[in-house]
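Start counting the sequence shown at 5; every next residue gets the next number (the numbering used here). Built from N, CA and C at the ideal position, the CB exists for glycine as well.
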Amino acid sequence: MNKGLLIVLSGPSGVGKGTVCSVLRSKMPNLTYSVSATTRPPRQGEVDGVNYFFKTREQFQEMIARDALLEHAEYVDNYYGTPRDFVDRTLASGKDIILEIEVQGALKVKEKFPQGVFIFLMPPSLDELKQRITGRGTEEQHVIDHRMSVAAEEISLIRYYDYAVVNDEIDAACKRIESIIIAEHCRKDRFMSELADMLPASEKV
Ligand SMILES: Nc1ncnc2c1ncn2[C@@H]1O[C@H](COP(=O)(O)OP(=O)(O)OP(=O)(O)O)[C@@H](O)[C@H]1O
Ligand SMILES: Nc1nc2c(ncn2[C@@H]2O[C@H](COP(=O)(O)O)[C@@H](O)[C@H]2O)c(=O)[nH]1
Numbered sequence: 005m006n007k008g009l010l011i012v013l014s015g016p017s018g019v020g021k022g023t024v025c026s027v028l029r030s031k032m033p034n035l036t037y038s039v040s041a042t043t044r045p046p047r048q049g050e051v052d053g054v055n056y057f058f059k060t061r062e063q064f065q066e067m068i069a070r071d072a073l074l075e076h077a078e079y080v081d082n083y084y085g086t087p088r089d090f091v092d093r094t095l096a097s098g099k100d101i102i103l104e105i106e107v108q109g110a111l112k113v114k115e116k117f118p119q120g121v122f123i124f125l126m127p128p129s130l131d132e133l134k135q136r137i138t139g140r141g142t143e144e145q146h147v148i149d150h151r152m153s154v155a156a157e158e159i160s161l162i163r164y165y166d167y168a169v170v171n172d173e174i175d176a177a178c179k180r181i182e183s184i185i186i187a188e189h190c191r192k193d194r195f196m197s198e199l200a201d202m203l204p205a206s207e208k209v
């Protein structure tokens, strides 16, 4: 069985990663979502184990010390990280997994999983980004300012990604990402072991 795809979706805060991810998950049943650990306090309505594993700084440090995280990063005064075991088990079972993470973490994942699919979600403009993050109404103004202040630097790291998708309209952005995932499943290098059995001896690599 082919291993699943590791898909990383990043982009600046407020661009719509969470919104796009939840639509994609409803459309692609084989797509598993990686629940991150964070030291950020829960927002209203967020559930431990569903949106995040909410941790104290001590608990998070302990996860780092146990090497339980595939990657972690400090972002705007809080820690965020991807539990490693769940990712490994999901991929081994042949399912695709999507990580919705910021750029420092994404680049660390790329070092360990260069065969992953790295997608950067772009805002139509910085003004629109600001409106979205403000309109969400979940962050205090100083946190919005801090997140906006790192957005341009984050966008400059798009060169390390495989794909750029503009989130102008939610359904259109989801269709683009769905197409990327379908195309990645058809890459010929994913079939080399099966192909080898069908090739004449002179063509075997
Ligand atoms: N294409 C879109 N057009 C208009 N509004 C959008 C679009 N996509 C998302 N939004 C809205 O923008 C806000 C931010 O979206 P979301 O929370 O999904 O962003 P995010 O990238 O996951 O943010 P964070 O990184 O801070 O978690 C939400 O209020 C969401 O409804
Ligand atoms: N490096 C990581 N970044 C992560 C992870 N989980 C989420 N995130 C990103 O952090 C910011 C802020 O998230 P918020 O929920 O506080 O708005 C955002 O860009 C997330 O995508 C992770 O495991 N590692």
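Query	Result
Contact defined as beta carbons within less than 8 Å: I believe PHE122 pairs with VAL12. What is the distance between those atoms, to the nearest angstrom?	5 Å
Hey, ILE101 and TYR84: beta-carbon distance below 8 Å or not?	no
At a threshold of 7 Å, does GLN108 count as lining ligand 2 (C-beta to nearest heavy atom)?	yes
DSSP puts THR36 in a beta bridge; with which residues?	ILE101
Nearer than 7 Å: is that true of the beta carbon of SER129 relative to any heavy atom of ligand 1?	no
With DSSP collapsed to three states, give me the class of ALA72.	coil
Could you check where the beta strand (DSSP E) with ILE11 kicks off and where it finishes?	10-14
In chain order, what residues of the same chain lie with their CB nearer than 6 Å to the CB of ASP201, ignoring the 5 residues before and after it?	none
Could you check what DSSP says for PHE58 in three-state terms: helix, strand or coil?	strand
When you measure from the CB of SER280 to every non-hydrogen atom of ligand 2, does any distance come out below 7 Å?	Absent from the model: residue 280. The displayed extent of the chain is 5 to 209, so no value can be given.
Between the beta-carbon of PHE124 and the beta-carbon of ILE162, is there less than 8 Å?	yes
Kindly give me the distance between the Cβ atoms of LEU133 and PRO45, rounded to whole angstroms, as I take these residues to be in contact under 8 Å.	The pair is not a contact, with the Cβ atoms about 23 Å apart (cut-off 8 Å).
Taking 7 Å as the cut-off, is the CB of SER17 close to at least one heavy atom of ligand 1?	yes
List the whole-angstrom C-beta distance separating ARG29 from THR142, where the pair is believed to meet the contact cut-off of C-beta under 8 Å.	Wrong, their Cβ atoms sit about 21 Å apart, outside the cutoff.
Might you give, ordered along the chain, the residues of its own chain that have their beta carbon closer than 6 Å to the beta carbon of GLU66, omitting 5 neighbours on each side?	none
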